[in-house]
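Just so you know, the protein sequences line up as chains A and B, in that order. Numbering-wise, the first sequence is residues 58 to 325 according to the working numbering. Numbering-wise, the second sequence is residues 190 to 507 according to the working numbering. Reviewing the structure listed below.
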Amino acid sequence: MTATTAPAVDQVSTGRRTEHAIPLSRVVRVELRKMFDTRSGFWLIASIGITGLIATVATVAFAPDDQLKYYTFAKAVGYPITVILPMVSLLAITSEWSQRTGLTTFTYVSRRGRVVLAKTLSAVIVAIASMFFAFAAGAVGNVVGSQIAGVPTVWNLSLGHALTILLGNLISLSIGVMLGMVLLSSAGGLVMYFVLVLLVPNLSALLATSQHWYKELQPWVDLPFAQGYLFEGMHTGAQWAHVATSVTLWIVLPGIYGLRRVMRSEVH
Amino acid sequence: MITIDSLTKKYGGNTVVRDLSFTARSGRVTGFLGPNGAGKSTSMRMMVGLTTPTEGFATIEGRRFADLPNPGREVGVMLDASAQHAGRTGREILTIAQQVMGLPASRVPEMLRLVSLTPDEADRRVGNYSLGMRQRLGIAAALIGDPSVLILDEPANGLDPAGIRWMRDLLRDYADHGGTVLLSSHLLSEVEIIADDIVMIGQGRLVCQGSKAELLQAAGTVVRAADVAVLQQALSIAGIDATVSGDGSLRTDADPARVGRAAYDGGAVLTELRTAGSGGLEDMFLELTADTSRDSAPTKSSSRKSSSRKSSTERTAA
Numbered sequence: 058m059t060a061t062t063a064p065a066v067d068q069v070s071t072g073r074r075t076e077h078a079i080p081l082s083r084v085v086r087v088e089l090r091k092m093f094d095t096r097s098g099f100w101l102i103a104s105i106g107i108t109g110l111i112a113t114v115a116t117v118a119f120a121p122d123d124q125l126k127y128y129t130f131a132k133a134v135g136y137p138i139t140v141i142l143p144m145v146s147l148l149a150i151t152s153e154w155s156q157r158t159g160l161t162t163f164t165y166v167s168r169r170g171r172v173v174l175a176k177t178l179s180a181v182i183v184a185i186a187s188m189f190f191a192f193a194a195g196a197v198g199n200v201v202g203s204q205i206a207g208v209p210t211v212w213n214l215s216l217g218h219a220l221t222i223l224l225g226n227l228i229s230l231s232i233g234v235m236l237g238m239v240l241l242s243s244a245g246g247l248v249m250y251f252v253l254v255l256l257v258p259n260l261s262a263l264l265a266t267s268q269h270w271y272k273e274l275q276p277w278v279d280l281p282f283a284q285g286y287l288f289e290g291m292h293t294g295a296q297w298a299h300v301a302t303s304v305t306l307w308i309v310l311p312g313i314y315g316l317r318r319v320m321r322s323e324v325h
Numbered sequence: 190m191i192t193i194d195s196l197t198k199k200y201g202g203n204t205v206v207r208d209l210s211f212t213a214r215s216g217r218v219t220g221f222l223g224p225n226g227a228g229k230s231t232s233m234r235m236m237v238g239l240t241t242p243t244e245g246f247a248t249i250e251g252r253r254f255a256d257l258p259n260p261g262r263e264v265g266v267m268l269d270a271s272a273q274h275a276g277r278t279g280r281e282i283l284t285i286a287q288q289v290m291g292l293p294a295s296r297v298p299e300m301l302r303l304v305s306l307t308p309d310e311a312d313r314r315v316g317n318y319s320l321g322m323r324q325r326l327g328i329a330a331a332l333i334g335d336p337s338v339l340i341l342d343e344p345a346n347g348l349d350p351a352g353i354r355w356m357r358d359l360l361r362d363y364a365d366h367g368g369t370v371l372l373s374s375h376l377l378s379e380v381e382i383i384a385d386d387i388v389m390i391g392q393g394r395l396v397c398q399g400s401k402a403e404l405l406q407a408a409g410t411v412v413r414a415a416d417v418a419v420l421q422q423a424l425s426i427a428g429i430d431a432t433v434s435g436d437g438s439l440r441t442d443a444d445p446a447r448v449g450r451a452a453y454d455g456g457a458v459l460t461e462l463r464t465a466g467s468g469g470l471e472d473m474f475l476e477l478t479a480d481t482s483r484d485s486a487p488t489k490s491s492s493r494k495s496s497s498r499k500s501s502t503e504r505t506a507a
């Protein structure tokens with residue numbers, strides 16, 4: 058790195074160019090790239106695949122023979138997605154503040170809502186890709202597992218059920234987006250995430266067993282509880298209503314507050 | 190061109206930037222000078238939409254930053270060269286900028302060459318970069334979109350003297366091609382080397398602005414005589430106020446011609462007569478910001494009662 062002569066700077070644009078607004082697809086492509094271009098980001102997403110494979114092998118090894126059905130595999134492989142995906146979407150947002158990259162990101166794309174939307178869409182792309190991976194890994198596991206155990210191969214997962222599983226995972230992803238926007242901090246966001254998915258459901262379950270009034274209320278306000286329907290298969294219209302209310306309560310409302318924070322907060 | 194109009198930022202009752210107005214013209218390098226905490230960075234963040242002003246606005250080539258369709262192609266911004274993900278390589282950071290702005294991929298190696306980062310250095314993670322390398326990368330990222338305006342916060346920070354010279358040549362060349370450069374610094378010496386125009390602020394308020402030449406002129410005159418007493422008398426007869434510096438020279442706000450005439454009339458034998466020059470600008474910087482900066486003007490001498498101007502003069506002499 059020598060500093061002797063400065064090469065000539067290109068002609069500074071004299072006449073104003075007609076610039077077109079940056080299309081959302083371009084922002085999505087760049088945000089998707091940014092999810093993979095650091096070691097931490099790469100391994101976080103790679104861990105979805107790695108834990109998925111471990112889950113497949115573990116299911117073959119440990120699941121009772123009568124449980125060696127496709128849904129068992131899909132569920133086992135899909136579980137890491139449900140846990141890790143929200144961290145991907147959360148960190149994509151908070152890193153702009155915690156790593157201070159927002160200082161450049163938001164001078165390239167000044168509409169921050171667009172950046173957050175692009176990050177969310179990138180995470181959805183990762184989600185869909187991981188779901189395909191999970192269903193494929195599950196299929197392989199199902200065939201191999203049932204062969205080893207000598208039981209008939211059972212394909213007990215309908216397309217509709219697969220779609221509700223995807224929806225359940227997208228809700229998980231949205232939890233990450235919401236927490237990222239509300240907290241704008243990687244460390245705080247991850248802590249809150251684990252409080253929300255590990256601690257709150259247990260407290261809710263505890264409350265439901267001791268308080269009768271809450272037991273009635275729980276499906277309406279307990280998000281992981283309502284998500285459970287999506288993963289296990291939807292049966293009634295009331296279940297959809299439970300999903301709608303708990304998503305509104307835990308994701309939409311705080312998300313609106315978070316979006317305001319994203320727009321207004323200063324980037325230092 | 191950057192136009193700042195009555196820009197004000199308040200945090201609660203604390204006013205960080207107060208009614209700031211100035212213009213950075215195209216074809217010129219404008220130095221944005223002020224002590225630490227004067228509001229330089231906050232002002233720059235407001236110019237590029239990272240901080241919402243309480244009042245006032247800033248425009249770039251007549252448009253607000255938020256209205257620019259592809260901001261990176263109009264304004265190159267470097268607010269903090271270290272504000273990058275440490276795990277990305279320099280090349281990756283430029284590639285992100287290139288892709289989001291929709292530029293040809295060839296711009297990345299072009300920019301690396303421009304800022305003298307070798308391909309090997311470009312493939313290292315920025316966590317391993319020296320501050321000087323980060324500054325170069327930041328300059329490359331600011332220039333990649335071929336913008337007509339550059340906004341750089343402390344760009345010379347961390348550069349060695351050769352690096353500062355390199356930056357001066359680069360920015361000079363950029364401005365000579367019609368670009369607008371606004372760069373901040375808390376070091377007068379840096380701004381003096383690089384800038385054509387100077388905007389000085391203290392505690393969020395505009396202190397003075399003008400071309401470097403004008404400000405140097407306004408910084409007064411230094412005069413030295415074989416016999417100081419005779420010179421002092423000559424000046425007082427002519428009605429010129431002067432202060433004695435620690436090295437025995439006199440300093441006055443009057444211009445050199447008037448001082449020379451007074452000395453001639455009073456029969457003083459001069460050994461030196463000149464505009465105060467850079468030292469004078471520094472004095473002005475320290476003096477103008479003395480009551481607004483966190484610390485009062487630094488005093489090297491033990492005499493605490495000396496005026497800020499005098500003490501800063503002594504500091505220059507020391």
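By construction, the Cβ of each residue, glycine as well, lies at the ideal position given by its N, Cα and C atoms. Note that the structure is a prediction, hence the values are computed from the model and not measured.
- Note: GLU461/B is bridge-paired with ARG413/B in the DSSP secondary-structure output.
- When 9 Å is used as the limit between beta carbons, SER152/A is near these residues of chain B: HIS274, in chain order.
- Using beta-carbon distances, LEU160/A counts as an interface residue toward chain B, with a partner under 8 Å.
- Per DSSP, the beta bridge partners of VAL388/B are PHE221/B and GLN398/B.
- ALA431/B: not part of any alpha helix (DSSP H); member of the beta strand (DSSP E) spanning 431-433, first to last residue.
- GLN422/B is positioned such that its CB atom lies no closer than 8 Å to that of LEU439/B.
- Annotation for PHE211/B: the continuous beta strand (DSSP E) segment containing it runs 203-213.
- TYR363/B and GLY216/B have their C-alpha atoms some 8 Å from each other.
- In the structure shown, LEU214/A adopts coil according to DSSP, grouped into three states.
- Residues are counted here when their Cβ sits less than 7 Å from a Cβ of chain B; for the stretch 95-106 of chain A these are THR95, ARG96 and SER97, given in chain order.
- Pairing GLN273/B with VAL315/B gives a Cβ-Cβ distance under 8 Å.
- Here the alpha carbon of ARG252/B sits roughly 44 Å from the alpha carbon of GLY225/A.
- In this structure, LEU110/A lies near ALA194/A, with their beta-carbon atoms less than 8 Å apart.
- Rounded to the nearest whole angstrom, the CA to CA distance from ALA247/B to SER230/B is 14 Å.
- For a Cβ distance threshold of 8 Å, nothing in chain B lies close to ALA244/A: the least Cβ distance comes to about 16 Å.
- Close CB contacts of LEU320/B within its chain, under the 6 Å cut and outside five residues either way in sequence, are with GLY347 (chain order).
- Our two residues, GLN398/B and GLN392/B, have alpha carbons roughly 15 Å apart in a direct line.
- The Cβ-Cβ distance between HIS218/A and GLY290/A falls below 8 Å.
- Secondary structure of TYR250/A (DSSP, three-state): helix.
- For ALA149/A, no CB of chain B lies under 8 Å from its own CB, so it is not counted at the interface with that chain.
- Residues ALA457 of the same chain have their beta carbon placed closer than 6 Å to that of VAL419/B, with the five preceding and five following residues left out of the count.
- The beta carbon of ALA180/A sits closer than 6 Å to those of VAL145, SER146 and LEU230, all from its chain and outside the five residues before and after it, given in chain order.
- For the pair of segments examined, the stretch 115-127 of chain A was found not to touch the stretch 98-107 of chain A: the number of CB pairs separated by less than 8 Å stays below three.
- Exposure of GLN268/A is indicated by the presence of fewer than 16 other C-beta atoms within 10 angstroms of its C-beta.
- With respect to ALA213/B, MET233/B sits apart: the two C-beta atoms are not nearer than 8 Å.
- In the structure shown, GLU153/A adopts helical secondary structure according to DSSP, grouped into three states.
- Taking 8 Å as the upper bound for CB-CB distance, LEU263/A and ILE182/A are not in contact here, some 37 Å apart.
- Between the stretch 366-381 of chain B and the stretch 327-343 of chain B there are three or more inter-stretch CB-CB distances shorter than 8 Å, so the stretches are counted as touching.
- At least one CB of chain B lies nearer than 8 Å to the CB of ARG86/A.
- If you look at MET235/B, you'll find it in the alpha helix (DSSP H) that goes 229-236.
- For LEU339/B, DSSP records a beta bridge to GLY265/B and VAL370/B.
- In the three-state DSSP reduction, SER167/A falls in the coil class, being neither helix nor strand.
- Only ARG234, VAL237, GLY238, LEU239, THR240, THR241, GLU250 and PHE254 from the stretch 224-254 of chain B bring a Cβ to less than 8 Å from some Cβ of chain A.
- Here ALA103/A carries a helix assignment [DSSP, helix/strand/coil].
- With a threshold of 16 other beta carbon atoms within 10 Å, TRP154/A meets it and is buried.
- Contact annotation: in the stretch 162-181 of chain A, residues whose CB is within less than 7 Å of a CB in chain B are PHE163, THR164, TYR165, VAL166 and SER167.
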